[in-house]
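This report concerns only the one structure given below.
There are 2 protein chains.
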Amino acid sequence: MFNCSYIQMRKMIAATAVSAGIEKEKVRSMKKRMKPDSFFHNLAETFKAMSDPTRTKIIYALCRENELCVHDIAAIIGTTDSAVSHQLRILRNMKLVRYNKVGKVTFYSLDDIHINNLFEEGLRHVEEK
Amino acid sequence: MFNCSYIQMRKMIAATAVSAGIEKEKVRSMKKRMKPDSFFHNLAETFKAMSDPTRTKIIYALCRENELCVHDIAAIIGTTDSAVSHQLRILRNMKLVRYNKVGKVTFYSLDDIHINNLFEEGLRHVEEK
DNA sequence: GGAATAATTGTTCAACTGTTCATATATACA
DNA sequence: TGTATATATGAACAGTTGAACAATTATTCC
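Protein chains in written order, with our numbering: chain A, 210 to 338; chain B, 210 to 338.
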């Protein structure tokens with residue numbers, strides 16, 4: 210019964226303490242340290258912008274090529290111009306990409322270095338799993 | 210008409226070259242450098258795991274408190290145990306969290322330091338916008 | 001064994017998402 | 001002005017999602 214590690218023993222004590230209310234202080238303190246709902250909403254939205262395979266492909270291509278037009282992105286990732294345009298609008302709205310229109314052609318690029326960092330961190334995570 | 214910067218001029222040339230096929234080499238080379246579909250799928254899934262406000266709240270709490278039980282997480286983020294459990298299952302399946310059951314109580318924590326890094330990078334992005 | 005507690009699971013439903021196809025803008029060029 | 005090209009937009013459709021509620025499992029304590 211008590212044949213367990215120090216850490217486990219502490220957890221057992223904590224476990225029995227949960228309903229007894231001894232851990233309540235920890236919960237109350239953490240609750241106070243939470244950010245407003247809007248913060249978590251924005252955070253979730255940022256990740257959501259990168260949560261679709263078509264969009265990750267677009268971002269990846271823009272990470273490597275810096276600036277690309279809609280048609281070339283479509284050719285690179287192997288889908289229709291329309292699908293790419295729809296996804297680019299989402300990325301535009303989320304401020305992940307910016308664009309620069311020259312004549313008939315719209316060149317897209319990643320909005321800032323933060324996006325690069327965030328995306329590369331995700332790449333690393335997937336590559337090392 | 211030609212009253213524009215060097216960069217813009219290059220883009221104009223590129224723009225007229227698109228359909229002419231001069232840029233095709235760039236597209237072909239980038240196409241070759243793309244990773245397989247499964248890679249982008251996994252990447253998107255990872256971001257998707259963090260793309261819901263309830264889940265960002267859970268991850269945030271676990272970033273700060275290291276280890277928490279389901280009931281305490283629910284109390285901290287202000288929702289039901291059931292909702293938290295459902296979301297934790299998603300995070301578990303995506304290998305973003307691991308758990309450790311002691312008696313009736315299940316303690317959850319972030320799976321590895323990569324998750325922390327990735328999440329903190331997202332936090333930074335939102336905080337600085 | 002039975003009651004109480006922590007967590008999980010199943011189900012339902014409204015809301016949302018991404019793609020496709022058709023159509024609309026915008027621009028260049030003849 | 002008319003045609004071709006690059007992109008954007010709108011509508012419809014199938015598939016997915018998260019919340020809510022009820023029911024279930026697993027564990028502890030009496």
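Note that the Cβ used here is the ideal one computed from N, Cα and C, for glycine as well.
Item                                                                                                                            : Value
Rounded C-alpha distance that separates Ile299 (chain B) from Ala258 (chain B)                                                  : 7 angstroms
Between the CA atoms of Asp320 (chain A) and Val314 (chain B) - distance to the nearest angstrom                                : 45 angstroms
Neighbour list for Val236 (chain A) in chain B, Cβ cutoff strictly below 7 angstroms                                            : Asp281, Ala284 and Ile285
Minimum C-alpha distance to Pro262 (chain A) - residue among B:Leu305, B:Lys244 and B:Asn302                                    : B:Lys244
Segment contact, 8 angstroms Cβ cut-off, at least three pairs: the region 249-256 of chain B with the region 282-290 of chain B : no
For Tyr308 (chain A) and Asn302 (chain A), the rounded distance between their alpha carbons                                     : 12 angstroms
Under 7 angstroms between C-beta atoms of Phe328 (chain A) and Thr265 (chain B)                                                 : no
Residue burial classification, Gly312 (chain B) (beta-carbon count within 10 angstroms, cutoff 16)                              : exposed
Proximity below 7 angstroms, CB of Ile324 (chain A) to CB of Leu297 (chain A)                                                   : no
DSSP state of Asn309 (chain B) mapped onto helix, strand, coil                                                                  : strand
Alpha-carbon to alpha-carbon, Lys233 (chain A) and Asp290 (chain B)                                                             : 16 angstroms
Best match in B:His295, B:Lys235 and B:Lys240 for proximity to Thr288 (chain A) [C-alpha to C-alpha]                            : B:Lys240
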